[in-house]
Every structure is written in structure tokens, then in C-alpha cells.
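The C-terminal residue of the sequence shown carries number 146 in the numbering used here, and the numbering is unbroken.
For every residue, glycine included, the Cβ atom is placed at its ideal position computed from N, Cα and C.
Model, not experiment: these values are computed from the prediction.
Reading through the C-alpha cells given below for one structure.
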Amino acid sequence: MGITPAKKEKEKKRAKAKQEKAEKMRERRENAKKGKSLEEMMMYVDENGNLSPTPPDPKNKQEIDPSEIDLTGFHPKRELSVKKGILTTFMEDKGYGFITDLATKQSYFVHQNNFTEAIKKGDTVTFELEKTPKGVNACFVKRI
């Protein structure tokens, strides 16, 4: 049995596609650029922290004192004075409450982790203040 005209046509199309593919590959190889040089690939960080293809200008260089760099992260700042107050509200199930300063009548949040001993609602206490990301809190709370 011979090759039918439809099969001949399919074979011609396959051969043509194969030839086109080989020609495209050859063209890509001929026109392919060599990899970039090291200088072309280099990027620099400018004085503002942005990437730049040009090296930074040494005139804009700023000296930084390494002792001024804080690598420790956030530290609550405490006020050094000890205050007196009354634990006006305390929710034992939640573990927090509020202390009212006897001198200023201002109320401060307190968590039970900041108690140095067992304290209950209505106790007169001494405490210090610390600044946290959420505001000023009472800490080092002791019963008088």
C-alpha cells in the first residue's frame, strides 16, 4: 500500500516546521549576545539607600559614630520616681487592672506580670512607670 496524499502533506508540514525551528535556533545562536561584563552587572547603593548603576560620590559620604547605633531594639523607658497609688480595678480572670495615682489622680494600666507580690483590688501600692508602644504602664508594683 502506498502513501496517501494526506500523509504526504502532513510529512511536508512536519519537515517544514522542523526546518524552520532549526533555522530559528541557528539565528538565535548567531545573534546571541555574550553575557554582560562584571562592570555592567554591578549595582551600587547610594547615600539614600537606593540601588544605582553608578558608584556613589565620595563627597557625599557621611561618617557615623558606631556608638550611636542602637542594635538592641525597643527598650521601655522607665521614669525613675516611685509613685503611690491604689489598685482601683483588677480583673483576675484577664490578669490586668488600673492603678490610680494618689498625687495626680491619673489612672495607669497594669498587668499582673508587673506585680512583685500578690496584690488585690483596693490595696495601696508603690509603682514606677514605663513607656511602651501602647502608652504608659505601671511596673514594679508593690503593696505598701
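Worksheet item: Ends of the beta strand (DSSP E) at Leu89?
Response: Lys85 to Met93
Item to complete: Answer with buried or exposed for Ile71, where buried requires no fewer than 16 other C-beta atoms within 10 angstroms of its C-beta.
Response: exposed
Item to complete: State the start and end residues of the unbroken alpha helix (DSSP H) segment that holds Asn52.
Response: Note, Asn52: premise wrong, no alpha helix (DSSP H); not H, not E.
Practice prompt. Please report the Cβ distance between Gly137 and Phe111, rounded to the nearest whole angstrom; I am assuming they are in contact, meaning their Cβ atoms lie under 8 Å.
Written response: 7 Å
Discussion item. Distance check for Ser83 and Val127, CA to CA, integer angstroms please.
Written reply: 14 Å
Worksheet item: If we count the other Cβ atoms within 10 Å of its Cβ and call it buried at 16 or more, is Ala140 buried or exposed?
Response: buried
Discussion item. Given a cut-off of 8 Å on the beta-carbon distance, is the pair Asp48 and Ser54 in contact?
Written reply: yes
Worksheet item: Going by other Cβ atoms of all chains shown within 10 Å of its Cβ, with 16 needed for buried, is Leu73 buried or exposed?
Response: exposed
Worksheet item: If you count every other CB in all the chains shown that lies within 10 Å of the CB of Leu104, and 16 or more means buried, which is it?
Response: exposed
Item to complete: Grab the span of the beta strand (DSSP E) containing Asn33 for me, first residue to last.
Response: Taken as a continuous stretch (DSSP letters only), Asn33 belongs to no beta strand (DSSP E), being part of the alpha helix (DSSP H) at Pro7 to Asn33.
Item to complete: Below 8 Å on the Cβ atoms is my guess for Thr118 versus Lys144; work out the distance and round it to an integer in Å.
Response: 5 Å
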